[in-house]
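Engineer:
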Amino acid sequence: MRHAVRLASLTTLVLAASACTWVPMQQGAAAVQVRALNAATPGCTKLGEIEGNVTDRVALYERNPLRVQEELETMARNEAVGLSANTVVPLEAPHDGRQRYSAWRCPR
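If you want the numbering used here, it's the position in the sequence shown, counting the first as 1, plus 1112.
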């Protein structure tokens, strides 16, 4: 009986945690555009690279890959603001909760 209660509590905790967005968007980050993987950036100036790292597992539970990708994009947008970039381009697909981006200043 105690094992069942413990398992139910752990399951509830994992499901609740997986629904959370753990990376809040900072001021100014909403204006940063996220382009497609390795997208061309004609007329833009490269300002640097950004590496994002978020939790992709909670205990034994693998988090939703779309939620992980959203958080990585939010993290990249947040970092782009500090570089005065207005565009980020993923350099690779997310893997184990990590993803690299290039940061660009593009004409609008």
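Using N, Cα and C, we set each Cβ at its ideal position, and we do this for glycine too. Just so we're clear, the structure is a prediction, and the values are computed from it rather than from any experiment.
#1: E1161 by DSSP, collapsed to three states: which one?
#2: Taking only the alpha-carbon atoms, compute the straight-line gap between R1169 and H1207 and give it to the nearest angstrom.
#3: Give me whichever residues DSSP pairs with S1214 in a beta bridge.
#4: Can you tell me which of the three DSSP states S1121 falls into?
#5: Buried or exposed: where does Q1211 fall if 16 or more other Cβ atoms within 10 Å of its Cβ makes it buried?
#6: Using CA atoms only, rank isn't needed, just tell me which of P1136, V1201 and G1209 is closest to C1156.
Structural biologist: On the basis of the data shown:
#1: strand
#2: 12 Å
#3: E1161 and V1201
#4: In this predicted model, S1121 has a pLDDT of only 48, less than 50, meaning its place in the structure is not dependable; the value taken from the coordinates is given anyway. In the displayed model, S1121 falls within a helix according to three-state DSSP.
#5: By the neighbour-count rule (16 or more Cβ atoms within 10 Å), Q1211 is buried.
#6: The shortest Cα separation from C1156 among P1136, V1201 and G1209 belongs to V1201.
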